[in-house]
Amino acid sequence: MKKIANFALSSLCVAMLAACSGDDGKDGADGAPGASGESGVSTYVTEKDVVVTNAQHAYAVYADSLIAAKQLKNVIEQFVAEPSEANFSAAKNAWLDAREPYGQSEVYRFREGPIDNLTRDDNGNPVLVAEEGPEGAINAWPLAEALIDYTIDMDGAQLPENPASLPVGGNIIADLAEFPDITKALLAEQFERGDDEANVTSGYHAIEFLLWGQDLNADGSYTPNRDYSAGYRKVNDYYTAASGMGECTSGVDNVVDSVICERRGDYLIAAADLLIDDLQGVVDAWTPGSGFHYVEFTKDENVKASLAKILEGMGRLSFGELAGERMSIALRTDSQEDEHSCFSDNTHRDIFLNAKGIQNAFNGAYQRMDGETLEGASIYDLLVVDGSHELANELRAAIEDTMAKAAVIDTNAKLGYSFDVQIQNADLKQPVTHTIEALKSQTQVIKQAIEALEVTTGDLEQDTDEFGS
Amino acid sequence: MKRHLLLTSFMLSALGCGGSSQSPEAKPSEPQPPVVTLPGQPNDGLAPLSSSTPDNNEHLAGGAVTTDVQNEDAFSQSAPAIRSDFALDAVFKSGDHLFRGTHKGLGPVFNNPTCQGCHIKDGRGEVPSSPQRAMTSMFLRISDENGQPDAVYGDQLQTFGTVAGHPTGALPKFNGALDEGLAYGEAYAFVEYENITGKFADGEEYELRKPIYKVTDLSYGPFNDTVRFSARVSPAIFGSGLLHAIPEQYITSYADPDDVDNDGISGRAVYVTEPISEQTKLARFGYKLGTASVLQQIAGAYRGDMGVTNRINQAEPCTENQVACNEQAALEQNSEANGLDLSDLDLAQVEFYNRLLAVPARRGFDVQTSTWQDDVKHGRALFFDANCNGCHVPRHKTGEAPASLLGDVDILGFTGESTPIAALSEQVIYPYSDLLLHDMGGECAPIKLENAQGGSCQVGENCIYVKRCEGLADNRPEGQASGTEWRTTPLWGLGLVQQVNARATYLHDGRARTISEAILWHGGEAEKAKQAYLAMSKTERSQLLAFLNSL
Chain B
17 MKKIANFALS SLCVAMLAAC SGDDGKDGAD GAPGASGESG VSTYVTEKDV
67 VVTNAQHAYA VYADSLIAAK QLKNVIEQFV AEPSEANFSA AKNAWLDARE
117 PYGQSEVYRF REGPIDNLTR DDNGNPVLVA EEGPEGAINA WPLAEALIDY
167 TIDMDGAQLP ENPASLPVGG NIIADLAEFP DITKALLAEQ FERGDDEANV
217 TSGYHAIEFL LWGQDLNADG SYTPNRDYSA GYRKVNDYYT AASGMGECTS
267 GVDNVVDSVI CERRGDYLIA AADLLIDDLQ GVVDAWTPGS GFHYVEFTKD
317 ENVKASLAKI LEGMGRLSFG ELAGERMSIA LRTDSQEDEH SCFSDNTHRD
367 IFLNAKGIQN AFNGAYQRMD GETLEGASIY DLLVVDGSHE LANELRAAIE
417 DTMAKAAVID TNAKLGYSFD VQIQNADLKQ PVTHTIEALK SQTQVIKQAI
467 EALEVTTGDL EQDTDEFGS
Chain P
36 MKRHLLLTSF MLSALGCGGS SQSPEAKPSE PQPPVVTLPG QPNDGLAPLS
86 SSTPDNNEHL AGGAVTTDVQ NEDAFSQSAP AIRSDFALDA VFKSGDHLFR
136 GTHKGLGPVF NNPTCQGCHI KDGRGEVPSS PQRAMTSMFL RISDENGQPD
186 AVYGDQLQTF GTVAGHPTGA LPKFNGALDE GLAYGEAYAF VEYENITGKF
236 ADGEEYELRK PIYKVTDLSY GPFNDTVRFS ARVSPAIFGS GLLHAIPEQY
286 ITSYADPDDV DNDGISGRAV YVTEPISEQT KLARFGYKLG TASVLQQIAG
336 AYRGDMGVTN RINQAEPCTE NQVACNEQAA LEQNSEANGL DLSDLDLAQV
386 EFYNRLLAVP ARRGFDVQTS TWQDDVKHGR ALFFDANCNG CHVPRHKTGE
436 APASLLGDVD ILGFTGESTP IAALSEQVIY PYSDLLLHDM GGECAPIKLE
486 NAQGGSCQVG ENCIYVKRCE GLADNRPEGQ ASGTEWRTTP LWGLGLVQQV
536 NARATYLHDG RARTISEAIL WHGGEAEKAK QAYLAMSKTE RSQLLAFLNS
586 L
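Line order of the protein sequences matches chains B and P. Each residue of the first sequence is one higher than the one before, starting from 17 at the first, in the working numbering. Each residue of the second sequence is one higher than the one before, starting from 36 at the first, in the working numbering.
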């Protein structure tokens with residue numbers, strides 16, 4: 017313990033010496049006991065403290081996601097057993113609740129962590145291998161909805177799924193011959209069917225599609241102009257003979273054999289079950305003290321690389337994933353398919369929560385689902401200790417600016433203009449564009465923070481070097 | 036010993052140097068291509084390659100644009116230099132999303148709704164598992180005997196059409212487009228195989244599968260009387276940005292159209308007009324060298340494979356004789372400027388994505404000890420000894436990688452600048468191709484009309500167009516390539532092809548199930564090299580394959 021503290025202190029001194037020559041006014045930086053830090057920040061905040069805080073919060077946010085997923089599965093099971101309108105609403109609400117912690121977890125992506133890379137070696141031990149992680153199975157989108165269940169061909173205007181990869185019998189739920197039993201093993205096996213990355217069959221969005229159905233208009237008609245309503249699935253799609261609620265349908269007025277509704281329920285439960293398994297692996301890897309990745313991530317010799325990973329994840333989520341893939345493409349192509357949570361019209365929360373996750377990482381803070389607030393050493397603190405006070409404030413301001421602008425998207429959706437409506441409406445597009453621009457500015461400041469803290473994100477690939485050994 | 040041999044061959048090349056650089060078919064009005072110096076020895080400042088001693092960084096197949104990822108995503112990685120640059124990473128990611136996704140304005144006819152559906156995990160497409168499954172990551176090019184597009188069907192058979200009530204695309208239906216006026220897929224193509232056998236010199240037998248291509252269910256009436264087909268499986272796309280960045284004169288230095296060095300290998304450079312700049316440029320992409328740039332290649336694929344029109348290919352893939360296709364096209368709600376399906380921004384981002392896909396590092400090399408596995412090293416020497424490197428030129432050096440002709444992009448739009456791509460520039464790379472046309476031999480029988488039982492057939496729903504060829508020939512001239520000429524396929528990533536897609540096979544039409552079969556199909560200019568393979572001992576063959584699998 018003592019050794020660790022010494023190491024941390026000396027590395028801090030080195031970092032400070034390198035960062036600023038001459039008198040920087042930080043008399044407390046030598047670590048004199050009780051000396052006050054800058055701007056109320058403890059001078060004892062070290063890189064290691066920030067890394068440990070980040071790792072603990074990773075555990076908390078993934079654990080919350082797991083808890084919410086288990087709750088979702090419970091509610092889904094109740095719904096499938098008794099497909100009433102009330103239980104249907106409860107299932108949808110449980111899905112929306114489950115997205116709240118998970119949306120904030122995405123800042124843990126793009127950094128060679130468990131969510132992207134966790135798999136098992138030949139002995140069954142957890143290991144990180146580039147691109148082998150469960151992220152796709154958990155949250156990939158757009159979905160191959162036509163591979164899962166019936167879809168409505170909207171006046172020939174709907175874009176087809178890849179015809180190469182669809183089952184002969186139409187879709188997994190309808191094809192009793194090719195898929196006699198719908199299990200979580202089947203869902204995992206059919207994920208990226210035919211090696212086609214577009215064939216997403218599991219995870220949050222598969223469950224979302226099975227709960228909401230395609231996002232047609234409120235009257236079930238399809239026109240290019242979408243409205244405030246989310247997906248158009250009716251509860252009758254889950255009426256089985258056993259439930260005695262009524263006739264099973266695949267879409268309004270399309271009565272089908274009860275077995276189809278049973279299989280739809282099987283699919284829903286299997287997808288929730290698989291989601292739990294996948295999240296459990298990530299939670300285990302991040303468990304403080306025992307999780308193999310937690311231990312690796314917080315090791316003294318890895319602290320610098322881990323700090324780089326934190327910042328890399330923040331930067332790449334800010335710009336490439338959120339501003340780029342999730343917002344800019346949806347905005348400019350006005351394509352519902354490119355909207356993240358298109359069935360439930362919950363994309364505004366994805367955007368807000370992804371941005372929030374970045375803010376959490378910066379502030380070293382996370383509010384758990386039960387309301388408890390976790391706080392620890394932050395990148396803000398570290399920048400101040402490092403002497404980059406102005407940069408610390410600049411980054412704080414940039415992130416707050418993003419949050420303020422993302423909050424407008426979120427609020428507009430709550431006022432009835434879902435994200436797919438926002439991106440079609442000239443007035444409502446403005447907040448979307450402003451948020452993208454704020455994320456762009458924020459990314460540039462994150463880059464400065466990377467330089468100031470003297471970490472190199474470019475070296476990250478070496479961590480997963482499997483070659484030549 | 037081997038070094039000596041190599042030097043001798045360079046000297047022969049030097050003696051044979053005749054400045055025969057001009058493509059015989061280049062149009063006289065176009066600017067003349069650069070003069071070739073020293074065939075086989077580009078003036079790129081690199082020491083000649085040794086057949087016995089690999090270069091120092093030869094395991095880094097793409098130079099700095101090399102990825103260590105070796106799993107099924109080996110072909111889908113970005114260049115390390117842009118990975119940690121948030122702005123470039125974002126453009127790459129946007130391009131990746133567009134590459135995976137569907138676009139508005141698909142059709143009226145198409146082969147696949149997404150880029151990724153053909154270039155599976157950015158790697159090769161595949162042959163359908165049975166004649167009952169439609170081709171979706173391969174297709175047939177068609178033309179008349181002179182290589183001109185068919186008057187009705189154009190230059191490519193699209194298997195699917197956009198018809199209401201067919202949410203995944205309407206398959207072809209005999210005379211369906213004529214009788215019902217609906218934009219069905221154009222025709223149904225499938226392949227059947229005939230096994231042929233042969234023997235290595237040591238007596239070991241091998242079996243090849245000879246493809247017979249058949250076309251039925253013509254939706255728009257019969258083909259022209261001299262119709263020609265050529266089957267194509269989608270190629271892998273990684274590393275294309277590096278190939279695009281090799282200076283023309285380095286590539287043309289390998290050209291020897293009249294085989295003046297008398298080694299049995301010629302190699303022909305062809306030139307095409309680059310879109311937008313309208314300049315004459317060396318063609319380097321396409322199985323028959325049809326395009327000069329990644330941009331031209333992807334713009335052609337958008338239009339030809341997906342029916343997604345764009346700035347470079349503005350017409351839907353319907354000929355004027357396809358009424359149903361044109362009527363369906365008129366219903367498309369083209370959302371982009373000038374009535375196009377795809378925006379320039381989308382096109383530029385997908386171009387960037389394609390260009391910046393990294394090349395997998397070689398296997399068989401120990402980074403710690405800087406040593407190659409023995410069999411890989413021996414196999415490499417055998418590759419040189421058999422003069423496989425006469426076409427599959429191992430090494431090139433890139434110059435300054437040109438900026439996109441569309442301009443620099445970020446996630447929201449064009450920046451107004453036009454900057455060379457530093458990550459791709461000045462890299463020593465090992466693609467194992469000269470990017471030139473070679474005569475690969477073989478010949479085809481005239482296409483016949485047959486019924487399902489193989490009997491003769493004149494006309495009607497039960498008649499099937501059947502194409503049989505010997506060797507690799509397709510008997511279909513295309514652009515400046517003849518019916519027996521093909522571009523040398525780059526071999527980098529070869530050993531990972533089935534890691535990326537277990538069902539993938541080799542050669543332009545996927546007929547070869549193994550790398551060994553692919554070698555055995557070589558003929559024409561590669562006949563000598565194939566004979567050398569046939570003459571190898573079992574150990575040597577396995578060493579050669581170990582080397583090829585390490586690529």
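We treat Cβ as the ideally placed atom computed from N, Cα and C, and that holds for glycine.
| message | Is the separation between the beta-carbon of residue 255 of chain P and that of residue 192 of chain P shorter than 8 angstroms? | response | no
| query | Taking the alpha-carbon positions, what's the residue 184 of chain P to residue 517 of chain P distance? | reply | 15 angstroms
| Which residues DSSP lists as bridging residue 504 of chain P, in chain order | P/479
| Can a CB atom of chain P be found closer than 8 angstroms to the CB of residue 130 of chain B? | no
| What beta strand (DSSP E) runs, 3 residues minimum, are completely inside the stretch 369-405 of chain B? | 381-383, 389-391
| message | Within a Cβ cutoff of 8 angstroms, which residues of the same chain sit near residue 329 of chain B, ignoring the five residues on either side of it in sequence? | response | 123, 124, 125, 126, 127, 129, 377
| task | For residue 264 of chain P, name the three-state secondary structure that DSSP assigns. | result | strand
| message | List, from N- to C-terminal side, the beta strand (DSSP E) runs of 3 residues or more that fit wholly inside the stretch 129-166 of chain B. | response | 134-136, 142-144
| said: Can you tell me whether residue 467 of chain P is helix, strand or coil according to DSSP? | reply: coil
| query | Applying the criterion that 16 or more other CB atoms from any shown protein chain within 10 Å of the CB defines a buried residue, is residue 301 of chain P buried or exposed? | reply | buried
| query | Taking C-alpha atoms, which residue in P/584, P/546, P/139, P/522 lies nearest to residue 370 of chain P? | reply | P/139
| request: Kindly indicate if chain P contains any beta-carbon less than 8 angstroms away from that of residue 182 of chain B. | output: yes
| query | Touching or not, the stretch 506-516 of chain P and the stretch 528-537 of chain P, by the rule of three or more beta carbon pairs under 8 angstroms? | reply | no
| Test item: CB-CB of residue 150 of chain P and residue 172 of chain P under 8 angstroms | no
| Roughly how many angstroms separate the alpha carbons of residue 583 of chain P and residue 306 of chain B, rounded to a whole number? | 44 angstroms
| said: To be precise: take each residue of the stretch 336-361 of chain B, compare its Cβ to all Cβ atoms of chain P, and keep it if any distance is under 8 angstroms. Which residues remain? | reply: 336, 337, 339, 340, 341, 344, 345, 348, 349, 350, 351, 353, 354
| request: Could you say if the stretch 123-132 of chain P and the stretch 317-331 of chain P meet the contact criterion of at least three C-beta pairs nearer than 8 angstroms? | output: no
| Residues of its chain near residue 223 of chain P, where Cβ-Cβ distance is below 6 angstroms and the 5 sequence neighbours each way are ignored | 207, 251, 252
| Burial state of residue 237 of chain P (16 or more Cβ within 10 Å) | exposed
| message | Looking at chain P, is there any beta carbon in it that lies within less than 8 angstroms of the beta carbon of residue 236 of chain B? | response | no
| Contact with chain P by residue 158 of chain B, beta-carbon distance below 8 angstroms | yes
| task | Could you check the C-alpha separation between residue 262 of chain P and residue 485 of chain P for me, to the nearest Å? | result | 15 angstroms
| query | residue 64 of chain B by DSSP, collapsed to three states: which one? | reply | helix
| message | Rounded to the nearest angstrom, what separates residue 405 of chain P and residue 391 of chain B at their Cα positions? | response | 48 angstroms
| task | In the DSSP assignment, find the beta strand (DSSP E) that holds residue 78 of chain P and state where it starts and stops. | result | Segment: none, residue 78 of chain P is in no beta strand (DSSP E) and carries neither H nor E.
| message | Suppose you measure from the CA of residue 258 of chain P to the CA of residue 187 of chain P; what does that come to, to the nearest Å? | response | 7 angstroms
| query | What's the call for residue 492 of chain B, buried or exposed, on a 16-neighbour Cβ count within 10 Å? | reply | Look at the range of chain B in this structure, 17 to 485, and you will see that residue 492 of chain B is not part of it.
| query | Closest to residue 389 of chain P by CA distance: which of P/272, P/494, P/295 is it? | reply | P/272
| task | Using a Cβ cut-off of 9 angstroms, pull out every chain P residue sitting near residue 214 of chain B, in sequence order please. | result | 135, 136, 137, 148, 149, 151, 152
| query | For residue 121 of chain P and chain B, any beta-carbon pair shorter than 8 angstroms? | reply | yes
| How should residue 431 of chain B be labelled, buried or exposed, when 16 other C-beta atoms within 10 angstroms of its C-beta is the threshold for buried? | exposed
| field | residue 294 of chain P (DSSP reduced to helix, strand or coil) | value | coil
| query | Are the Cβ atoms of residue 264 of chain P and residue 482 of chain P separated by less than 8 angstroms? | reply | yes
| For residue 244 of chain P, does the three-state DSSP call read helix, strand or coil? | strand
| chain B contact residues for residue 128 of chain P, given Cβ-Cβ distances below 7 angstroms | 336, 337, 340, 341
| request: Using three-state DSSP, classify residue 275 of chain P as helix, strand or coil. | output: helix
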